[in-house]
Amino acid sequence: MTGRTPPLGDQRGLWQAVLAAAAGRCQCRGTCGKNHDKDGGRCPTVHGGYGRRHGNGPVHLLAAAAAPDSLLLPPHQAAALPKAELAAWCPDCHDATRRAAGKARQASAAATGPDALFDL
Ligand SMILES: [Zn+2]
Ligand SMILES: [Zn+2]
-11 MTGRTPPLGD QRGLWQAVLA AAAGRCQCRG TCGKNHDKDG GRCPTVHGGY GRRHGNGPVH
49 LLAAAAAPDS LLLPPHQAAA LPKAELAAWC PDCHDATRRA AGKARQASAA ATGPDALFDL
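Be aware that the sequence shown starts at -11, since it is given in this note's numbering, and climbs by one per residue.
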């Protein structure tokens, strides 16, 4: 193996593919904790559009793991996810979903954690 493909090129193509599959719209379906029901069950934020908070400039959607749990993967593992497991996220939904997944993981870790921790 002599030639190496720069990872950035791959990632940019992947981002474009994910955004195209999502029609440039955030694919959050309420995992962020916000109720997107009035928007058809899906976040209305579109890439390059303006979010609810004006004055922040155009929204830049992210390509990240579609499953909330996978948003907690370390970057090198997240970067290895295939396109089928990625979704377009607006920054608000991405951050909130990631926080919620982290909390859920902590809660389940505490529930299944070593008894000694609670056996005081
Ligand atoms: Zn969103
Ligand atoms: Zn959302």
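In this text, a Cβ means the ideal position worked out from N, Cα and C, and glycines have one as well.
Query, Result
"Three CB pairs or more closer than 8 Å across the region 58 to 72 and the region 25 to 34", "no"
"D80 Cβ short of 8 Å to ligand 1 heavy atom set", "yes"
"L49 vs G21 beta-carbon contact at 9 Å", "no"
"Distance, A89 Cα to A95 Cα", "10 Å"
"Three-way DSSP call (helix, strand, coil) for V34 in this model", "strand"
"Alpha carbon of P46 to alpha carbon of A53, nearest angstrom", "22 Å"
"Alpha carbon of P62 to alpha carbon of R17, nearest angstrom", "23 Å"
"Three-state class that DSSP yields for R17 in the structure shown", "coil"
"P56 burial status per 10 Å Cβ neighbour count (16 or more: buried)", "buried"
"Whether T33 touches D80 by CB criterion (9 Å)", "yes"
"For L74, three-class secondary structure by DSSP", "strand"
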